[in-house]
Amino acid sequence: MHTGDSSLPGPAQVRVDGKFLEVAGSRYLVKGVAYGTFAPDAAGAQFPGLTRVDADFAAMAAAGINTVRTYTVPSTAIMDLAERHGLRVMIGMPWAQHVAFLGDRALAHQIRAEAVQTVRQLASHPASLLFAVGNEIPAPVVRWHGDRRVREFLRSVYEDAKSAAPDALLTYVNFPPTEFLELDFFDVCAFNVYLHREQDLRAYLARLQHVAGHKPLLLAEAGADSIREGLDGQARITAMHLRAAFTEGLCGAVAFSWTDEWWRGGHDVEDWAFGLVDRVRTPKPALAAVRDAFAAAPFGDAPGSLPKVSVVVCAYNAADTIDEALRSLVVQTYPNYEVIVINDGSRDGTGEIAKRYPVRTIDIPNGGLSAARNRGWQEASGEIVAYTDADVRVDRDWLMYLVRPLLTPEYVGSGGPNVVPADDPWIAQCVARAPGGPTHVLLNDRVAEHVPGCNMAFRRDALMAVGGFNPTYLRAGDDVDVCWRLQVKGYRIGFAPSALVWHHHRASVKAYWRQQVGYGEGEIWLDAHHPEKFIRRSEEHTSELQSRLHLVCRLLLEKK
Numbered sequence: 283m284h285t286g287d288s289s290l291p292g293p294a295q296v297r298v299d300g301k302f303l304e305v306a307g308s309r310y311l312v313k314g315v316a317y318g319t320f321a322p323d324a325a326g327a328q329f330p331g332l333t334r335v336d337a338d339f340a341a342m343a344a345a346g347i348n349t350v351r352t353y354t355v356p357s358t359a360i361m362d363l364a365e366r367h368g369l370r371v372m373i374g375m376p377w378a379q380h381v382a383f384l385g386d387r388a389l390a391h392q393i394r395a396e397a398v399q400t401v402r403q404l405a406s407h408p409a410s411l412l413f414a415v416g417n418e419i420p421a422p423v424v425r426w427h428g429d430r431r432v433r434e435f436l437r438s439v440y441e442d443a444k445s446a447a448p449d450a451l452l453t454y455v456n457f458p459p460t461e462f463l464e465l466d467f468f469d470v471c472a473f474n475v476y477l478h479r480e481q482d483l484r485a486y487l488a489r490l491q492h493v494a495g496h497k498p499l500l501l502a503e504a505g506a507d508s509i510r511e512g513l514d515g516q517a518r519i520t521a522m523h524l525r526a527a528f529t530e531g532l533c534g535a536v537a538f539s540w541t542d543e544w545w546r547g548g549h550d551v552e553d554w555a556f557g558l559v560d561r562v563r564t565p566k567p568a569l570a571a572v573r574d575a576f577a578a579a580p581f582g583d584a585p586g587s588l589p590k591v592s593v594v595v596c597a598y599n600a601a602d603t604i605d606e607a608l609r610s611l612v613v614q615t616y617p618n619y620e621v622i623v624i625n626d627g628s629r630d631g632t633g634e635i636a637k638r639y640p641v642r643t644i645d646i647p648n649g650g651l652s653a654a655r656n657r658g659w660q661e662a663s664g665e666i667v668a669y670t671d672a673d674v675r676v677d678r679d680w681l682m683y684l685v686r687p688l689l690t691p692e693y694v695g696s697g698g699p700n701v702v703p704a705d706d707p708w709i710a711q712c713v714a715r716a717p718g719g720p721t722h723v724l725l726n727d728r729v730a731e732h733v734p735g736c737n738m739a740f741r742r743d744a745l746m747a748v749g750g751f752n753p754t755y756l757r758a759g760d761d762v763d764v765c766w767r768l769q770v771k772g773y774r775i776g777f778a779p780s781a782l783v784w785h786h787h788r789a790s791v792k793a794y795w796r797q798q799v800g801y802g803e804g805e806i807w808l809d810a811h812h813p814e815k816f817i818r819r820s821e822e823h824t825s826e827l828q829s830r831l832h833l834v835c836r837l838l839l840e841k842k
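Structure representation (C-alpha cells):
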C-alpha cells in the first residue's frame, strides 16, 4: 500500500501536453465522474466505507470511467483503491470559499497551509491526476473582494502548492458567473457548465477555449437531474454534454455525479437526483449513455470515411529542424493522409533528411514560399491541403482537429494556434512573446479572419478557385493574402483551437530581425493588394508612406 511518503518513487508522470494531458508518454483523455460530497462519518471523513468505495470504483472502471473527481480530500486508503481499479483522482480541496474569506487573515493562511499539506501528502501517489484548489467561489464573494484580490490569492495558493510538489498539476474550477477571473497561471483551465441545449453548450465551450488559450480545457462538471428531466432525459442530456466536450477539443469531461447520494450544507439533498446510479447503486439509463459516450471519445462523431488530406511542408535550408517536423507528421492519428515535402532549392541536407521518411519529396529550384506552396497543392491528391512549416512539431491529433471545421460546407479553410516549445532557448522564448509573430486573428469564437501559414488547411478546389497563393510573396504574407481573397469570394475560414503546433522561434536577435524584415516585405504587398484592410490617415500621408515602404522593399530585394 502507498503510504504517502514523498520519499517513495513517484507515479508515472502526469504532464500537460499542449491542449491535453499525458500520462507515461500517452495521451490521457479525462473520462470522469464526480464522487460526493458525502455525509461525514464519526471521524469526520466525507466518504462511504471502504467496502462501498471499492464496489463503486469497480463499477466505474467497468463503465469506461478513468477519473474520479472528489470534492473532499481522500484518504490514502481510498487512493489505493483507485489505483487498484486503474482510476486516477482529481482531488478537490474544500475550504470556506462561500464566505468573505479574504477578510480573515488567519483563515486565508489556513487555506494556503492546508493546500500545501494536501499536495505534499498525495502528489506522489500513483492515482493522483491533478488537484483542484477551489471550486466556484460565488460571484458576490468575488465582487466583494474584487477580482484582482481573488486572483492574487489563488495565485498564492498555486505557487505555495507548486513549491511543495513542482510536478503536480493544479487547477481551479470556475463557472460562468465568474468567467472574468483571469487565472491563466493554473496548469489546466476547468469549468463547471450546465447548458441543456447542445448548440448553446458548444458555443460556450468554443468561447471557453479562448479563455483557456494554450492550456487544456476541462469540463469539470456536467449532467442533468433525473427528477426534473426524467431518466431518459437525464441520459440524453448528460451524454450530449460529454460528446460536445470532446467534439470541441477539450481534454476531458466529468459527469456529475456517480450516485444520487449527496450531502451538502449539513443535510442530505433529497430533491435533486444527478446520479448515474441511485442511492442503492442501481444503474440508471444515464450510466449506459455515459459509457457509450466515453467509448466513442474523442472522435466518435466524425464520419466513417474522412476526406484525404495532403500535408505540404515547404522547406528551405531546414536541415536543423525538418527531422523533428517529419517525425511528428508521420505518426498522425488521422487515417487518410499523405505528406509532401517541397524542397525549395535548399543548399543543405534538407532533401536527404526528408527522403528518410515515408513522404513524397519534390526538389524544385528556389522560387520563394508562395511558389513552393502552389507546387504543393498542385501535387496534392487529397481534397484538403494542409500546410505546416519545417520548423514545426505538430500534435499527434493535429489533423483530426484541423480538419473538423472542413467536415461541414460552412468553411473552406481552417487553422489553429502555434506556440513556442517549452524547451526552446530563452531568446526564442522572448521572441515568441515579442510582436510580429505569425498568429491567427479571429472574427468571433469560431471564424478566423486569417490563420498562420504554419498551421492552416484549405479545400483544394477553393485554392484553385482563387488561383492559389500569390507568388509575389516570397517570404511572408501569402497566408494572410489567400485568406483575404477567399473571404472576398464569400468563403469562411474556421478556427480549430485544439489543432496545436509547436513552432520553433528565432533563437537570436539577428535572426528575429531578418524575419521581421521579411514580414515587412509581405505587409507592403498586403497593403498594395488589400488597401481596404489598412487604416489610412490621409491620401498624402498614405502616398508618402507607400513610396518609402516600396523603396525599402526594392532595396531589400536587390540586396537578395
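All the letters of the sequence shown, read from the start, carry residue numbers 283 to 842 under our numbering.
For glycine and all other residues, C-beta sits at the position ideal for the given N, C-alpha and C.
Quick caveat: nothing in here was measured; it's all calculated off a predicted structure.
Alpha helix (DSSP H) containing residue i: first to last residue?
{"i": "C765", "result": "760-770"}
{"i": "I644", "result": "Careful: I644 lies outside any alpha helix (DSSP H), inside the beta strand (DSSP E) at 642-646."}
{"i": "F777", "result": "No alpha helix (DSSP H) contains F777, which is instead part of the beta strand (DSSP E) from 775-777."}
{"i": "G416", "result": "First-last for G416: 410-417, but that is the beta strand (DSSP E), not the alpha helix (DSSP H)."}
{"i": "P693", "result": "Note that residue 693 is Tyr in the sequence shown, not Pro. Premise fails: Y693 is in no alpha helix (DSSP H) and is neither H nor E."}
{"i": "R433", "result": "429-446"}
{"i": "H732", "result": "It is not in any alpha helix (DSSP H) - H732 instead sits in the beta strand (DSSP E) that spans 729-732."}
{"i": "N456", "result": "Element bounds for N456: not the alpha helix (DSSP H) but the beta strand (DSSP E), 452-456."}
{"i": "A341", "result": "332-344"}
{"i": "L483", "result": "480-494"}
{"i": "H523", "result": "508-529"}
{"i": "L684", "result": "680-685"}
Quick check on the DSSP output: the beta strand (DSSP E) that includes residue i runs from which residue to which?
{"i": "S592", "result": "591-597"}
{"i": "V783", "result": "783-785"}
{"i": "R741", "result": "738-741"}
{"i": "V401", "result": "No beta strand (DSSP E) holds V401; the alpha helix (DSSP H) holding it covers 387-404."}
{"i": "I604", "result": "Note, I604: premise wrong, no beta strand (DSSP E); alpha helix (DSSP H) at 604-611."}
{"i": "A668", "result": "666-671"}
{"i": "V676", "result": "674-676"}
According to DSSP, residue i sits in a beta bridge with which residue or residues?
{"i": "E304", "result": "R297, R309"}
{"i": "E620", "result": "S592"}
{"i": "E503", "result": "N474"}
{"i": "P565", "result": "V559"}
{"i": "A535", "result": "K313, L501"}
{"i": "M372", "result": "R351, L412"}
{"i": "N700", "result": "V783"}
{"i": "V723", "result": "H732"}
{"i": "D550", "result": "W545"}
Within a Cβ cutoff of 7 Å, which residues of the same chain sit near residue i, ignoring the five residues on either side of it in sequence?
{"i": "D605", "result": "I635"}
{"i": "A730", "result": "G697, H722, V723, L724, I775, G776, F777"}
{"i": "R573", "result": "A345, G346"}
{"i": "A343", "result": "H367, G368, L369"}
{"i": "V770", "result": "none"}
{"i": "H811", "result": "D763"}
{"i": "Q390", "result": "Note that residue 390 corresponds to Ala in the displayed sequence, not to Gln. Within the same chain, A390 has close Cβ partners F383, L384, F435."}
{"i": "E692", "result": "R774"}
Comparing C-alpha positions only, which one of the options sits nearest to residue i?
{"i": "A405", "options": "L389, Q295, G331, Y310", "result": "Q295"}
{"i": "V685", "options": "M361, P567, P589", "result": "P589"}
{"i": "L501", "options": "A668, F457, R657, R334", "result": "F457"}
{"i": "Y598", "options": "L436, P459, D645", "result": "D645"}
{"i": "T333", "options": "S508, A364, R655", "result": "A364"}
{"i": "G658", "options": "E620, Q491, T754, V312", "result": "E620"}
{"i": "P779", "options": "F816, A506, F528, T632", "result": "F528"}
{"i": "F576", "options": "A521, G531, A337", "result": "A521"}
For the putative contact between residue i and residue j, defined by C-beta atoms under 8 Å, what is the C-beta separation to the nearest angstrom?
{"i": "G664", "j": "V748", "result": "At roughly 18 Å, the Cβ-Cβ gap does not stay under 8 Å, so G664 and V748 are not in contact."}
{"i": "A409", "j": "R370", "result": "6 Å"}
{"i": "V315", "j": "L451", "result": "No, V315 and L451 are not in contact; Cβ-Cβ is about 19 Å, not under 8 Å."}
{"i": "T349", "j": "M372", "result": "6 Å"}
{"i": "W540", "j": "Y317", "result": "5 Å"}
{"i": "V694", "j": "L611", "result": "Not a contact, Cβ separation roughly 23 Å."}
{"i": "A668", "j": "V783", "result": "About 11 Å separates the two Cβ atoms, so there is no contact after all."}
Spatial neighbours of residue i within its chain, please: C-beta separation below 6 Å, excluding the five flanking residues on both sides.
{"i": "C765", "result": "H732, I775"}
{"i": "A281", "result": "A question about residue 281 goes unanswered here, because the residues of the chain that appear run from 283 up to 842."}
{"i": "G331", "result": "none"}
{"i": "F302", "result": "R309, P498, C533"}
Please work out which residues of its chain come closer than 8 Å, Cβ to Cβ, to residue i, disregarding the five sequence neighbours upstream and downstream, and give them in chain order.
{"i": "R819", "result": "Because R819 sits at a pLDDT of 49, beneath the cut-off of 50, its placement in the model cannot be relied upon, and the following sentence gives the value as read from the coordinates. Result list for R819: empty, nothing under 8 Å."}
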